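The structure appears right after this line, and notes come after that.
2 protein chains.
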Amino acid sequence: MTGLREKHKADRDRRILKAAAKLFRSAGYEGTRIERIADAADVSTGTIYNYYQNKGDLLVAIVAMEVNEVLASGAQHIAKRHRSLRAAVDRLAANYFEHSLVYLSKEMWRHAMAISTRQPDSPFGIVYAGLDTHLAEQVVALLDKLQKTGLVAGDVDTTAAGELVFNNLNMMFTNFVKSEAMTVEDVLSAISRQHRVLLQRIALPHPLPRHLAGRSLARTLP
Amino acid sequence: MTGLREKHKADRDRRILKAAAKLFRSAGYEGTRIERIADAADVSTGTIYNYYQNKGDLLVAIVAMEVNEVLASGAQHIAKRHRSLRAAVDRLAANYFEHSLVYLSKEMWRHAMAISTRQPDSPFGIVYAGLDTHLAEQVVALLDKLQKTGLVAGDVDTTAAGELVFNNLNMMFTNFVKSEAMTVEDVLSAISRQHRVLLQRIALPHPLPRHLAGRSLARTLP
DNA sequence: TTCCAAAATTGAGTCAACTCAGTTTCCATG
DNA sequence: CATGGAAACTGAGTTGACTCAATTTTGGAA
Numbered sequence: 033m034t035g036l037r038e039k040h041k042a043d044r045d046r047r048i049l050k051a052a053a054k055l056f057r058s059a060g061y062e063g064t065r066i067e068r069i070a071d072a073a074d075v076s077t078g079t080i081y082n083y084y085q086n087k088g089d090l091l092v093a094i095v096a097m098e099v100n101e102v103l104a105s106g107a108q109h110i111a112k113r114h115r116s117l118r119a120a121v122d123r124l125a126a127n128y129f130e131h132s133l134v135y136l137s138k139e140m141w142r143h144a145m146a147i148s149t150r151q152p153d154s155p156f157g158i159v160y161a162g163l164d165t166h167l168a169e170q171v172v173a174l175l176d177k178l179q180k181t182g183l184v185a186g187d188v189d190t191t192a193a194g195e196l197v198f199n200n201l202n203m204m205f206t207n208f209v210k211s212e213a214m215t216v217e218d219v220l221s222a223i224s225r226q227h228r229v230l231l232q233r234i235a236l237p238h239p240l241p242r243h244l245a246g247r248s249l250a251r252t253l254p
Numbered sequence: 033m034t035g036l037r038e039k040h041k042a043d044r045d046r047r048i049l050k051a052a053a054k055l056f057r058s059a060g061y062e063g064t065r066i067e068r069i070a071d072a073a074d075v076s077t078g079t080i081y082n083y084y085q086n087k088g089d090l091l092v093a094i095v096a097m098e099v100n101e102v103l104a105s106g107a108q109h110i111a112k113r114h115r116s117l118r119a120a121v122d123r124l125a126a127n128y129f130e131h132s133l134v135y136l137s138k139e140m141w142r143h144a145m146a147i148s149t150r151q152p153d154s155p156f157g158i159v160y161a162g163l164d165t166h167l168a169e170q171v172v173a174l175l176d177k178l179q180k181t182g183l184v185a186g187d188v189d190t191t192a193a194g195e196l197v198f199n200n201l202n203m204m205f206t207n208f209v210k211s212e213a214m215t216v217e218d219v220l221s222a223i224s225r226q227h228r229v230l231l232q233r234i235a236l237p238h239p240l241p242r243h244l245a246g247r248s249l250a251r252t253l254p
């Protein structure tokens with residue numbers, strides 16, 4: 033069943049993805065012709081369309097690798113012990129933004145977002161939406177954990193708060209990639225200020241001593 | 033200086049915009065060929081490009097008309113008297129979403145958003161960003177007014193809260209237009225729940241009597 | 001080893017957005 | 001009125017993403 037054929041397939045796929053990632057970063061997404069990717073990957077233009085439905089799918093495949101890294105490092109962050117709600121959320125945001133430009137340029141992000149908006153029902157539109165859902169769930173998971181640990185008041189709707197925070201992060205990320213001038217520091221400090229008005233009011237000032245944490249008894253106001 | 037030439041220009045512009053709006057709604061943005069718009073408007077394809085840089089700009093011009101209406105009716109809403117913070121914000125959101133599909137289909141919104149993301153520095157990308165800024169300012173303006181009226185606690189950072197609310201609205205609007213199945217009611221109730229966790233905590237339970245309102249003395253907690 | 005059917009690749013061809021050199025329309029001036 | 005030239009229009013041509021019929025490659029059965 034498998035053998036040389038599968039190997040060649042995987043090889044070609046890797047070559048195409050690598051060539052595309054390199055060219056997109058150097059010449060930009062718009063500035064990169066499919067034919068150039070084909071040349072660089074030593075295949076014909078038609079072959080690229082055997083692996084990816086269109087130019088955009090190629091980009092979104094690269095984005096997916098990137099976001100999966102962000103998700104993994106976000107999960108690690110959540111697993112740590114946290115001293116304060118605001119610091120924990122700020123760091124999750126920093127993790128999100130600092131990873132974002134490692135493999136992808138702002139221009140690439142703009143195009144990836146545009147594609148996922150334009151074609152939400154295409155295979156990769158669905159993948160992209162799934163990545164967003166995972167990120168939103170991660171924010172909710174952090175708040176849930178902090179609620180159990182006693183850093184968030186027990187009567188807080190953590191799903192609502194998590195979605196509010198995530199949607200704000202996501203919108204600010206959109207603004208960030210739309211503006212070449214905006215730095216990671218700029219956007220993180222803006223976000224921190226925006227979140228403060230919420231987080232300050234749902235936080236509990238003093239965490240429970242560690243031996244009581246994790247029992248989900250963290251109710252406070254009647 | 034002016035005369036027949038100017039008149040013809042204005043006529044043509046109107047015809048192009050009208051033809052485009054009609055065709056975009058009936059055949060969809062993707063399904064509409066520039067040549068068909070040119071035919072319907074009785075001009076050549078080249079002429080369309082004298083008025084609009086590209087197909088997307090044509091769409092964004094239509095969106096801009098729509099958003100200006102939303103802004104006008106939002107301003108009217110803010111000017112009214114309000115009984116509660118949550119109701120006031122819920123109605124502003126309803127105004128936003130209910131207007132949104134009067135002239136534009138979800139597909140048109142998806143493309144308009146995609147274009148503004150892809151080309152933030154093009155003339156109409158700038159227009160679109162300006163519209164967003166106005167909408168965000170409107171939310172902040174509402175909170176400011178309610179703070180002066182005594183429905184919002186005096187120590188609240190209304191800019192932060194307004195931006196948080198607007199960014200949530202905008203992200204939920206994106207989700208709304210991405211999903212053909214989601215109704216206005218669906219999205220409004222989701223938003224209302226998300227906002228509750230914030231608004232509940234920054235609201236003051238009893239408004240000041242009317243003769244004291246507007247003095248911006250609405251401080252509460254030390 | 002030989003040969004076949006399925007899988008995969010190929011690149012010339014198609015389609016639609018956008019361009020630009022040539023043409024027409026308008027208006028200010030004598 | 002004529003006329004020169006600026007402003008606007010025109011549509012055949014260009015460009016680049018994407019397709020598909022023909023060709024090549026592969027795995028394994030005889």
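For the protein sequence lines, the chains are L and P, in the order given.
So the first sequence is residues 33 to 254, counted in this note's numbering.
So the second sequence is residues 33 to 254, counted in this note's numbering.
In this text, a Cβ means the ideal position worked out from N, Cα and C, and glycines have one as well.
Quick caveat: nothing in here was measured; it's all calculated off a predicted structure.
Could you work out which residue in the options is closest to residue i when comparing CA atoms only?
i        : options                                   : result
P:ALA51  : P:LEU91, P:SER148 and P:LYS210            : P:LEU91
L:ASP189 : L:SER76, L:ILE234, L:GLU212 and L:PHE208  : L:ILE234
L:GLU98  : L:LEU117, L:GLU130 and L:ALA70            : L:GLU130
L:ALA213 : P:LEU136, P:LYS54 and P:PRO152            : P:PRO152
P:ALA192 : P:MET204, P:GLU169, P:ALA73 and P:VAL219  : P:GLU169
P:PRO237 : P:GLY182, P:LEU230, P:MET203 and P:VAL121 : P:GLY182
L:GLY162 : L:GLU67, L:ASP176, L:VAL95 and L:GLU62    : L:VAL95
P:ASN127 : P:GLY186, P:LEU201, P:LEU231 and P:ALA73  : P:LEU201
P:ALA107 : P:THR165, P:SER154 and P:LEU174           : P:LEU174
P:LYS177 : P:ALA93, P:ALA120 and P:SER154            : P:ALA120
What does residue i touch in chain L if you count any residue whose Cβ is under 7 angstroms from its own?
i        : result
P:ASP235 : Reading the sequence as shown, one finds Ala at residue 235 of chain P and not Asp. Neighbours of P:ALA235 on chain L: none; closest Cβ ~11 angstroms, over 7 angstroms.
P:ALA146 : ALA146, THR149 and ARG150
Taking all protein chains shown into account, decide if residue i is buried (16 or more other Cβ within 10 angstroms of its Cβ) or exposed.
i        : result
L:ALA140 : Note that residue 140 of chain L corresponds to Met in the displayed sequence, not to Ala. It is buried - the Cβ of L:MET140 has at least 16 other Cβ atoms within 10 Å.
P:THR252 : Since pLDDT at P:THR252 reaches only 41, below the 50 mark, its modelled position is unreliable, and the value read off the structure follows with that caveat. Exposed.
P:LYS112 : exposed
L:ILE48  : buried
P:ALA227 : The sequence as given places His at residue 227 of chain P; Ala does not occur at that position. That one is buried.
L:ARG150 : buried
L:ALA125 : buried
P:LEU220 : buried
L:MET33  : Summary for L:MET33: the model assigns pLDDT 41, below 50, so the residue's position carries little reliability, and this model does not support an answer.
P:VAL134 : exposed
P:GLY194 : buried
Using the beta-carbon of each residue, which ones in chain P are nearer than 9 angstroms to residue i?
i        : result
L:ALA120 : None at all; the shortest Cβ gap to chain P is about 17 angstroms.
L:ARG225 : ASP189, THR191, ALA192 and GLU195
L:ASN202 : ASN199, MET203 and THR206
L:LYS210 : SER148, THR149, PRO152, ASP153, GLY157 and ALA161
Mind listing the chain L neighbours of residue i? Cutoff is C-beta to C-beta under 9 angstroms, in chain order.
i        : result
P:ARG142 : THR149, ARG150, GLN151 and PRO152
Look at the alpha carbon of residue i and the alpha carbon of residue j, and state the distance between them as a whole number of angstroms.
i        : j        : result
L:ALA222 : P:ALA42  : 43 angstroms
P:GLU38  : P:ARG44  : 10 angstroms
L:TYR83  : P:ARG225 : 42 angstroms
P:LEU104 : P:TYR160 : Residue 104 of chain P is actually Ala in this sequence, not Leu. Cα to Cα, P:ALA104 sits roughly 16 angstroms from P:TYR160.
L:GLY60  : L:LEU136 : 10 angstroms
P:ARG46  : P:ALA53  : 11 angstroms
P:ALA70  : P:THR77  : 5 angstroms
P:ARG115 : P:PHE56  : 41 angstroms
P:VAL216 : P:ARG118 : 18 angstroms
L:HIS40  : P:GLN232 : 60 angstroms
L:HIS299 : L:VAL102 : Given that chain L is displayed from residue 33 to residue 254, the structure contains no residue 299 of chain L and the question cannot be resolved.
P:MET203 : L:ASP164 : 11 angstroms
L:LEU19  : L:LEU230 : Any answer about residue 19 of chain L is impossible in this case: the structure gives chain L only from 33 up to 254.
P:GLY186 : L:VAL184 : 23 angstroms
P:LEU36  : L:SER211 : 42 angstroms
P:ASP122 : L:GLN179 : 27 angstroms
L:LYS138 : L:PHE198 : 20 angstroms
P:ALA93  : L:GLY157 : 26 angstroms
P:PHE208 : L:THR79  : 36 angstroms
L:VAL75  : P:GLU62  : 30 angstroms
At 8 angstroms on the CB atoms, spell out the chain P contacts of residue i, in chain order.
i        : result
L:ARG228 : ASP189 and ALA192
L:THR206 : THR149
L:ASN16  : Examination of residue 16 of chain L is not possible in this model, given that chain L is present from 33 through 254 alone.
L:LYS54  : Here the premise fails: no neighbours, minimum Cβ distance about 21 angstroms.
Run the proximity test for residue i: is its beta-carbon closer than 7 angstroms to any non-hydrogen atom belonging to the ligand SAH?
i        : result
L:ALA235 : No copy of the ligand SAH appears in this structure; indeed no ligand is present at all.
Quiz item: For the 8 angstroms Cβ check, are there 3 or more pairs between the region 79 to 97 of chain P and the region 139 to 147 of chain P?
Solution: yes
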